[in-house]
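Under this note's numbering, residues 131 to 365 are what the sequence shown spells out, in order.
A short worksheet on the structure shown next.
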Amino acid sequence: MQRKRVVLINTDARSTDQGGLGEASGIFGRYILAQCLSAARRRPKHERHLALLVVDECKAYMDEQAALILSDARQFGLGMLLASQFPHQLEEGVRREINTNTSIRMMGAIEYSVAAQYARDMFCEPEFITSMKSYDKSHAEWAVYTTDMAQAAKVTMPFRAIEKHAESIAIGKALNFRAPETRTAATLTPRTRDHFYEGERDEILECMARAEAKGDLLSSSDNEEKANGTGGPEP
Numbered sequence: 131m132q133r134k135r136v137v138l139i140n141t142d143a144r145s146t147d148q149g150g151l152g153e154a155s156g157i158f159g160r161y162i163l164a165q166c167l168s169a170a171r172r173r174p175k176h177e178r179h180l181a182l183l184v185v186d187e188c189k190a191y192m193d194e195q196a197a198l199i200l201s202d203a204r205q206f207g208l209g210m211l212l213a214s215q216f217p218h219q220l221e222e223g224v225r226r227e228i229n230t231n232t233s234i235r236m237m238g239a240i241e242y243s244v245a246a247q248y249a250r251d252m253f254c255e256p257e258f259i260t261s262m263k264s265y266d267k268s269h270a271e272w273a274v275y276t277t278d279m280a281q282a283a284k285v286t287m288p289f290r291a292i293e294k295h296a297e298s299i300a301i302g303k304a305l306n307f308r309a310p311e312t313r314t315a316a317t318l319t320p321r322t323r324d325h326f327y328e329g330e331r332d333e334i335l336e337c338m339a340r341a342e343a344k345g346d347l348l349s350s351s352d353n354e355e356k357a358n359g360t361g362g363p364e365p
């Protein structure tokens, strides 16, 4: 937590003969939640930077005791993101703790009976939540409510947004754009260009061409000259 690292914990609920944890999955998940809160509590006040705990399929781990973590987490710099496909199956006490202690709520397309349970807490009609749609290979719509909003609003999220962000960072590192402070060279090769998304390739290549023309980016031929000793000295 203090090293600001990403830690993935596998709580595979498949049977043990299939390589999962079986019935121990829920127990192990709740143990991890308790340990995260314990670690957050032990941090000195001046070192309590935000740490984010993401719990997918949280229904399997959120009993009333685990839900109490929500009321304590914020004061110790621990944020929680809870995701569930079946929020209506959470125990009543757990739902109450979640509704009381969460500042952001998001709901996608869901059955009317479930939407009706959460519409009041999101200050909207159930029909608004059920109107959210998912568009294949494009984007999904979410009903979103945050503290102090007058009512829920619709937010559109493109699919693979997180993956695209991570891959764009990786591409940027591979291209090694030359910043004024470092003036390091970048290599533009056909293999690198193939990593671009089809819909973005032309725009990115145009930007790269402008950067290369301004001297902010070196082409592959420039780098080959450097490698062969035929290029000029790097400024």
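Beta carbons: idealized from backbone N, C-alpha and C, even for Gly.
Predicted model, so just to flag it, every value in this text is computed and none were measured.
- The three-state secondary structure of threonine 232, taken from DSSP, is coil.
- Collapsing the DSSP output to three states places serine 264 in a strand.
- Valine 137 is not bridged by DSSP to any residue.
- Between the C-alpha atoms of isoleucine 292 and valine 274 there is a straight-line separation of about 18 Å.
- With contact defined as three or more Cβ pairs closer than 8 Å, the stretch 228 to 236 and the stretch 197 to 204 are in contact.
- Scanning Leu220, Lys175, Tyr265 for the CA closest to the CA of alanine 239 turns up Tyr265.
- Taking 8 Å as the cut-off, the beta carbon of leucine 183 is found closer than this to the beta carbon of cysteine 166.
- Secondary structure of glutamate 227 (DSSP, three-state): helix.
- Within the same chain, Cβ atoms closer than 7 Å to the Cβ of glycine 156 are found at Ala190, Tyr191, the five residues on either side in sequence being excluded.
- Tyrosine 161: member of the alpha helix (DSSP H) spanning 154 to 172, first to last residue.
- Under the three-state reduction of DSSP output, threonine 276 falls in the strand class.
- For glutamate 194, same chain residues with a beta-carbon under 7 Å away, outside a window of 5 residues either side, are Glu221, Gly223, Val224 in chain order.
- By the beta-carbon neighbour count (other beta carbons within 10 angstroms, threshold 16), alanine 249 is buried.
- Within a 10 Å sphere around the beta-carbon of glycine 159 sit 16 or more other beta-carbons, which makes this residue buried.
- Per the DSSP secondary-structure output, threonine 286 pairs in a beta bridge with Glu271.
- Under the 10 Å beta carbon count, leucine 211 is surrounded by fewer than 16 other beta carbons and is classified as exposed.
- Per the coordinates, the alpha-carbon of methionine 279 lies some 41 Å from the alpha-carbon of leucine 151.
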